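**Q** For the working numbering, add 691 to where a residue sits in the sequence shown, where the first one is 1.
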Amino acid sequence: MEISQIDLHDNSAMVIDGKGGKDRLVLFTDSTVASIESWLPLRESRNPEGDHLLVTKRGNALQSRSVQRLMDKLADEAGMPRGRLTPHVLRHNFATGLLERGADLVSIQRLLGHASIATTRVYLEISDQTLREIYKRATSIEVEEDES
Numbered sequence: 692m693e694i695s696q697i698d699l700h701d702n703s704a705m706v707i708d709g710k711g712g713k714d715r716l717v718l719f720t721d722s723t724v725a726s727i728e729s730w731l732p733l734r735e736s737r738n739p740e741g742d743h744l745l746v747t748k749r750g751n752a753l754q755s756r757s758v759q760r761l762m763d764k765l766a767d768e769a770g771m772p773r774g775r776l777t778p779h780v781l782r783h784n785f786a787t788g789l790l791e792r793g794a795d796l797v798s799i800q801r802l803l804g805h806a807s808i809a810t811t812r813v814y815l816e817i818s819d820q821t822l823r824e825i826y827k828r829a830t831s832i833e834v835e836e837d838e839s
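1) Report the three-state DSSP secondary structure of I707 (helix, strand or coil).
2) Cα-Cα, which of S736, P739, T777 is closest to R756?
3) Using 8 Å for Cβ pairs, my map puts V746 next to R760. What's the rounded Cβ distance?
4) Leaving out the 5 sequence neighbours to the left and right, which residues in its chain are closer than 7 Å to Q800 when beta-carbon positions are compared?
5) Give the secondary structure of A794 by DSSP, where H, G and I count as helix, E and B as strand, and everything else as coil.
6) Going by CA-CA distance only, name the one from M762, L744, V706, N702 that's closest to G804.
7) Report all residues from its chain with a CB closer than 7 Å to the CB of R775; omit the five preceding and five following residues, and keep chain order.
8) Within a Cβ cutoff of 6 Å, which residues of the same chain sit near E683, ignoring the five residues on either side of it in sequence?
9) Could you tell me the boundaries of the beta strand (DSSP E) in which L815 lies?
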């Protein structure tokens, strides 16, 4: 992600020419914006001329392999097996959390930046408990409608 693509006042970034050559909106939480704001001075000291948001200590753009090494280190520190903490796992958990909180599939598709809804479906596994809650909500609506 490029610094020039980020709008901290809007809690968002517009990634231009991303995966598949498509532009897409990325949204940030207030906490993420605060983290970016605190990171920017250090990032600037490492590479004042560059536009990449995430850079190494030497100022080079952070590569995906470096991210995975960092996640492996965090997994080791947490006593988790490597491979249980990956960017893909985080995306999957994000998508599942959205679904469990009632987000619709099209919104999740857009938030993940998927061109096809079929790709989004692969990310989502509805837990038995969530399925029970959805069913309970749906059947309680039927009962309420019947009573009116």
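Where a beta carbon is used, it is the ideal one built from N, C-alpha and C, also for glycine. These numbers come from a predicted model, not from an experiment.
**A** With the given structure in hand:
1) coil
2) T777
3) About 15 Å separates the two Cβ atoms, so there is no contact after all.
4) I808, T811
5) coil
6) V706
7) A766
8) Residue coverage of the chain in this structure runs from 692 to 839, which leaves residue 683 outside it and unanswerable.
9) Taken as a continuous stretch (DSSP letters only), L815 belongs to no beta strand (DSSP E), as it is neither H nor E.
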